[in-house]
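*Asks:* Dropping the structure in here first, questions after.
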Amino acid sequence: MLNRCIMEMEGSMAKKLYSLTAIFTTPNEIIKAAKAVQEAGYSKYDVHTPYPLHGMDDAMELKETKLGFVTLAAGIMGATGMISFASWVASVDYPQVIGGKPYWSWPAFVPVTYEIAVLMAVLLTVAALIVFFFKFPNVSHPLHDTPYMKKVSADKFGVSIQAEDPKFNEKVVGDLLKNLGGEVSPVYYSEEFLDFKPQLFEPKFILLLAGIAVVSAGGGYATWNKLLYLPPFDWMMEQPKSKPQSHSEFYADGFAMRPPVEGSIARGFIPYPYKGKPDEAAKYLVNPLLPTKEVLALGKKKYLTFCSPCHGNFGSGDSRLQGQFPNPPTLHSDKVRIWSNGSIYHVITDGQNVMPSYQYQITREERWAVVHYIRTLERALNAKESDLQ
Amino acid sequence: MSATVIDYSKEISVVEGRPSAALLDGVITQPIDSFPQRNWLIGLAVTGTMLLIGGISLGWLLWKGVGVWGINQPVAWGFDVVNFVFWIGIGHAGTLISAILFLLRQKWRTGIARFAEAMTLFAVLCAVMFVLFHTGRPWIAAVWLLPYPNQHGVWVNFTSPLIWDVFAVSTYFAVSLVFWYIGIIPDFATLRDRAVTKVKKTIFTILSLGWRFSNRHWQHYERAYLIMAGFATPLVLSVHTIVSFDFAVSIIPGWHTTIFPPYFVAGAIFSGFAMVQNVLIVTRKAFHFEHLITLDTIEKMNKIMLLTGSMVGYAYMMEFFIAWYSGNAIERFVFINRAFGPYWWAYWIMFTCNVVSPQLFWSKKIRTSLLASFIIAIFINIGMWFERFVIVVTSLSRDFLPSSWGMFIPTMWDFGLLIGSFGLFFTLVLLFVKALPAISMAEIKAVVPGAQPLHYGDGGFHG
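Residue numbers (the working numbering), protein chains in the order written: chain A, 1 to 389; chain B, 1 to 463.
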């Protein structure tokens, strides 16, 4: 594609004169030539040198470049943008107290603000330089790939006066350059080549874009949703550790969960000292709770949950179990009524006859509350005269 | 008694002799145009093997996690952070040479600026590798490294030095890359016009963007170069300052000091120059650039190493003085522990290599000897690596509570990745000197005697 320009030139078909060029060999000559061309009143010309020459800007009477303004604007934009963003994040959208400082601790934002200001200034300056000041990328310029360009890119100095210049006259320009001591040659170009426009709506191009979209979307999906979940990438929920109910290769019994050391006592648990000793329990145990409204409500709740299935809702021994389990005797018998609170507590804690122990289902306080509730039930069915008043 | 009188009013020429521009192009593009030398291939085989070791270490790291390294509590920062700081420091020389020396009109930088800049890029790549992979799973680390709107509704913590570091290092890499690329565009155009094969021509045409040496372009180009040098100068100082904040903003004894920013910057330039010196001496010899990178340049590099080495030595002693003068018992203990504790050997390797060895450069004979320069530069590199080791490991291993003290013992995977980073760096350097012009053709042509119009003297590039 790059060679098209020159190939068509050789074919000498459909080409127009772009410019007349002259090659010089020393820096002094090219400065002199540039001055002469400028003074002759040409405006559409350019000087090409392998490296920048001192004094060339003066010779060509070039104006000061405006690139610095782009840098200034980009730098200010980067700095204000970054400090606003950091302030918004740290004090509005995601405020966190860090080291006891205020949310908006601006000195901490100085480093990032500075870095982004530099980044924006440099990147936008370079982007503006390439796109707006150089009008690059452009590899189809008529001077490209010409013998002239090959000379100035190595060690020669060239001047090129364009045919577009209003004062351009092939003969006059040629004489001027020859008199300055240059080696003159014309550069042609093909108009059709310069008019080349990229065809955005060509099916092939659209198909290519679609292909890229599908591949990147599919690749992204597969990477972030599938690939990262394959071994060796374990996630936090999969840790090589033993969980309570899991199997263990390490222990001889195969259980991951270890029994507590003999004699361990759970937090808040007090061992029951009267196990199998109902007489002592009756003698020494005293109900630590007062029969308040709350205690009775708790006792009722626990009684209805744990006791009532066998003993009946009112303690009369009217089981709801339809004979699947032997019915207990009534709690309103004289025997029970003359029992001490400690005896009832002992039976709940230790069990009696076919009744199992309930110490693991009902806590100590709850058991005492149930004792209060049972006393209340007894009193209700055998009320004294004084209760009626 | 006869004293040599040096005329300081005359500037020493950057290049020796009066080579023509065409000859310069020929010499500089020689490595690009010719078949690789045998030594180059051997070098590539060595660095390629090192790179492979690094690749395996990295693969194992990703497979098993950062537990394969020797890090643990209390030394949770080991070789990863040591190597990060080491490499980012190496990078600083490139920017210093290309930007600060440019602003100071030091023309001798011309011959070495290009590959010093390339070394910056490669060193920053190595550094970035360590910080990325020390997060364990970098693809997830994006959430706390980069402020992007995410479905967790979480933002990064802008008050953290670690975030400043992310910004500083990525800005530094981006700016260095652009600076280097802008500098190399005219050379790409020269290579494009010299290319004989179609593949090379296409590649260089794309890379040169269509540069055509127009003076209307040179005008903006020179200004852009000046602006970028102006920005890169404070940037390079800020980057290592921010790296030092990673330590100085914490409360660990031995880290929590205000001397860290200048001390880190001086150390970075010191180590970077040593690395450039090593590569420079080899490249110069291998590709016959003796008349382009003169002995005078090497001597000036040595002088800068003497200066920065003395600054670093001063900082070491000042740290000790302040530890004593502060009256803080823990601070005092940490510094005595550095020199005489379990890591005493690391401290004394550092001290000997960094403080004692550059002092040899006071002698002009040593300063101008290639062999001595090369060996001392290697010592400085070793010393600077140990400096980071001493700072990171000794402080962490002995902090406030003796009950939480612990030692750091690197594993083979720590060393594997360290070797791998050297492999990556030198492989890239070897490929660079072979594939691209190691010396800026456009810049060196401009400083050859007779390159500028007479009435403007032998002025420098981008005057």
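Ideal Cβ positions, reconstructed from N, Cα and C, are used throughout, including at glycine. Since we're looking at a predicted model, the values are computed, not measured.
Using only CA atoms, which one of A:39, A:313, A:177 lies nearest to residue 381 of chain A?
*Replies:* As a first step, residue 381 of chain A must be located in the first sequence, where it is residue number 381. Minimum Cα distance to residue 381 of chain A is reached at A:313.
*Asks:* For residue 56 of chain A, which residues in chain B fall below 7 Å Cβ to Cβ?
*Replies:* Numbered from 1 along the first sequence, position 56 holds the residue referred to as residue 56 of chain A. What residue 56 of chain A touches in chain B: 215.
*Asks:* Using a Cβ-Cβ cutoff of 7 Å, what residues of the region 216–240 of chain B are near chain A? List them in chain order.
*Replies:* Result list: 216, 217, 218, 219, 220, 222, 223, 224, 227, 228, 231, 235, 238.
*Asks:* To the nearest angstrom, report how far apart residue 340 of chain B and residue 402 of chain B are at their CA atoms.
*Replies:* Along the second sequence, read from residue 1 onward, the residue named residue 340 of chain B stands at position 340. Along the second sequence, read from residue 1 onward, the residue named residue 402 of chain B stands at position 402. Rounded to the nearest angstrom, the two C-alpha atoms are 17 Å apart.
*Asks:* Near residue 163 of chain B, what residues of its chain come up, given a Cβ to Cβ distance below 7 Å and the 5 sequence neighbours on each side ignored?
*Replies:* Numbered from its first residue, the second sequence carries residue 163 of chain B at position 163. Once the five neighbours on either side are set aside, the close Cβ partners of residue 163 of chain B are 156, 157.
*Asks:* So for residue 369 of chain A, helix, strand or coil by DSSP?
*Replies:* The sequence position of residue 369 of chain A within the first sequence is 369, counting from 1. Helix at residue 369 of chain A.
*Asks:* Using a beta-carbon distance cut-off of less than 9 Å, what residues from the region 17–29 of chain B approach chain A?
*Replies:* 20, 21, 22, 23, 24, 25
*Asks:* Have a look at residue 267 of chain B and residue 312 of chain B and give me their C-alpha separation to the nearest angstrom.
*Replies:* In the second sequence, residue 267 of chain B corresponds to position 267, counting from 1. In the second sequence, residue 312 of chain B corresponds to position 312, counting from 1. Rounded to the nearest angstrom, the two C-alpha atoms are 6 Å apart.
*Asks:* Compare the C-beta of residue 246 of chain B with all C-beta atoms of chain A and state if any pair is closer than 8 Å.
*Replies:* If you number the second sequence from 1, residue 246 of chain B lands on position 246. Between residue 246 of chain B and chain A, the shortest Cβ-Cβ separation is not below 8 Å.
*Asks:* Would you identify the three-state DSSP class for residue 161 of chain A, choosing helix, strand or coil?
*Replies:* Within the first sequence, numbered from 1, the residue matching residue 161 of chain A stands at position 161. Note: residue 161 of chain A maps to strand in three-state DSSP.
*Asks:* Within this structure, are the beta carbons of residue 309 of chain B and residue 264 of chain B separated by less than 8 Å?
*Replies:* If you number the second sequence from 1, residue 309 of chain B lands on position 309. If you number the second sequence from 1, residue 264 of chain B lands on position 264. Not in contact: residue 309 of chain B and residue 264 of chain B (Cβ atoms no closer than 8 Å).
*Asks:* By a C-beta neighbour count over all protein chains shown, 10 Å radius and 16 as the cutoff for buried, is residue 357 of chain B buried or exposed?
*Replies:* As a working mapping, residue 357 of chain B is identified with position 357 in the second sequence. Buried, because 16 or more other Cβ atoms sit within 10 Å of the Cβ of residue 357 of chain B.
*Asks:* Taking residue 316 of chain A as the reference, which of A:139, A:375, A:265 has the closest Cα?
*Replies:* Against the first sequence, residue 316 of chain A aligns to sequence position 316. It is A:375 whose Cα lies nearest to the Cα of residue 316 of chain A.
*Asks:* I need the DSSP call for residue 370 of chain B, collapsed to helix, strand or coil.
*Replies:* Position 370 of the second sequence, counting from 1, holds the residue named residue 370 of chain B. Residue state, collapsed to three classes: helix.
*Asks:* I'd like the list of long-range same chain contacts for residue 487 of chain B, defined as Cβ closer than 8 Å, with 5 residues on each side in sequence excluded.
*Replies:* Only positions 1 to 463 of chain B appear in this structure, which leaves residue 487 of chain B out of reach.
*Asks:* Short of 6 Å in beta carbon distance, which residues of its chain neighbour residue 350 of chain B, apart from the five on each side in sequence? Order them along the chain.
*Replies:* Within the second sequence, residue 350 of chain B is the residue found at index 350, counting from 1. If we look at residue 350 of chain B and ignore the five residues flanking it on each side, its Cβ neighbours are 383, 386, 387, 390.
*Asks:* What does residue 272 of chain A reach in chain B if we use C-beta pairs closer than 9 Å?
*Replies:* The residue labelled residue 272 of chain A in the question sits at position 272 within the first sequence. Near residue 272 of chain A there are no residues of chain B at all, since even the closest Cβ is about 41 Å away, more than 9 Å.
*Asks:* Buried or exposed, going by whether 16 or more other CB atoms sit within 10 Å of the CB of residue 21 of chain A?
*Replies:* Translated into the one-based positions of the first sequence, residue 21 of chain A becomes position 21. Counting Cβ neighbours within 10 Å, residue 21 of chain A comes out buried, since at least 16 surround it.
*Asks:* At a Cβ cut of 7 Å, what residues of the region 22–49 of chain A count as close to chain B, listed as they run along the chain?
*Replies:* 27, 28, 31, 46, 47, 48, 49
*Asks:* Using 8 Å as the limit for Cβ to Cβ distance, is residue 376 of chain A near chain B?
*Replies:* For the purposes of this step, residue 376 of chain A is taken as the residue at position 376 of the first sequence. It does not; no Cβ of chain B falls within 8 Å.
*Asks:* Look at the alpha carbon of residue 254 of chain A and the alpha carbon of residue 235 of chain A, and state the distance between them as a whole number of angstroms.
*Replies:* Walking along the first sequence from the start, residue 254 of chain A turns up at place 254. Walking along the first sequence from the start, residue 235 of chain A turns up at place 235. One C-alpha to the other measures close to 26 Å.
*Asks:* Between the region 122–150 of chain B and chain A, which residues of the former have a C-beta closer than 9 Å to a C-beta of the latter?
*Replies:* 137, 139, 140, 147
*Asks:* So residue 70 of chain A and residue 128 of chain A are supposed to be a Cβ contact under 8 Å. How far apart are they, rounded?
*Replies:* For the purposes of this step, residue 70 of chain A is taken as the residue at position 70 of the first sequence. For the purposes of this step, residue 128 of chain A is taken as the residue at position 128 of the first sequence. So it is a contact: roughly 4 Å between Cβ atoms.
*Asks:* To test your reading of the DSSP string, which unbroken alpha helix (DSSP H) runs of 4 or more residues are found completely within the region 189–222 of chain B?
*Replies:* List check, alpha helix (DSSP H) in window: 198–208.
*Asks:* What is the DSSP secondary structure of residue 237 of chain A, counted as helix, strand or coil?
*Replies:* By 1-based counting over the first sequence, the position of residue 237 of chain A is 237. Three-state result, residue 237 of chain A: coil.
*Asks:* Name, please, each residue of chain A whose Cβ falls closer than 7 Å to the Cβ of residue 158 of chain B.
*Replies:* If you number the second sequence from 1, residue 158 of chain B lands on position 158. For residue 158 of chain B, the neighbours in chain A by C-beta distance under 7 Å run, in chain order, 86, 89, 90, 108, 109, 112.
*Asks:* Could you say which of B:369, B:241, B:434 lies nearest to residue 40 of chain B if we only look at CA atoms?
*Replies:* Taking the second sequence and counting its residues from 1, one reaches residue 40 of chain B at position 40. Cα-wise, what sits closest to residue 40 of chain B is B:434.
*Asks:* Which residues of chain A have a Cβ atom closer than 7 Å to the Cβ of residue 453 of chain B, listed in chain order?
*Replies:* The residue labelled residue 453 of chain B in the question sits at position 453 within the second sequence. Neighbours of residue 453 of chain B in chain A, taken as residues whose beta carbon is under 7 Å from its own, are 27, 28, 31, 53, 54, 55 in chain order.
*Asks:* So with CB distances below 7 Å, who are the chain B contacts of residue 153 of chain A?
*Replies:* On the first sequence, residue 153 of chain A is found 153 positions in, with the first residue counted as 1. Under the 7 Å cutoff, chain B gives 189, 190, 193, 213.
*Asks:* Answer yes or no: does any C-beta atom of chain B fall closer than 8 Å to that of residue 237 of chain A?
*Replies:* By 1-based counting over the first sequence, the position of residue 237 of chain A is 237. So no, residue 237 of chain A is outside the interface.
*Asks:* Can residue 67 of chain A and residue 174 of chain B be called in contact, C-beta distance under 8 Å?
*Replies:* As a position in the first sequence, residue 67 of chain A is number 67, starting the count at 1. As a position in the second sequence, residue 174 of chain B is number 174, starting the count at 1. Contact: no.
*Asks:* Grouping DSSP H, G and I as helix and E and B as strand, with all else coil, what is residue 34 of chain A?
*Replies:* By one-based count along the first sequence, residue 34 of chain A stands at place 34. Helix.
*Asks:* With which residues is residue 301 of chain B paired in a DSSP beta bridge?
*Replies:* Stepping through the second sequence from its first residue, residue 301 of chain B is reached at position 301. DSSP, once it has assigned bridges, lists no residue as partnering residue 301 of chain B.
*Asks:* Identify the contact partners of residue 421 of chain A in chain B, using a Cβ-Cβ distance below 7 Å as the criterion.
*Replies:* Residue coverage of chain A in this structure runs from 1 to 389, which leaves residue 421 of chain A outside it and unanswerable.
*Asks:* Just to confirm, are residue 117 of chain B and residue 179 of chain B a CB contact at a threshold of 8 Å?
*Replies:* Residue mapping note: residue 117 of chain B aligns to position 117 of the second sequence, counting from 1. Residue mapping note: residue 179 of chain B aligns to position 179 of the second sequence, counting from 1. Yes, the pair counts as a contact, with Cβ atoms nearer than the cut-off.
*Asks:* Please classify residue 151 of chain B as buried or exposed, where buried requires at least 16 neighbouring CB atoms within 10 angstroms.
*Replies:* The residue given as residue 151 of chain B occupies position 151 in the second sequence. When all chains shown are included, residue 151 of chain B counts as exposed.
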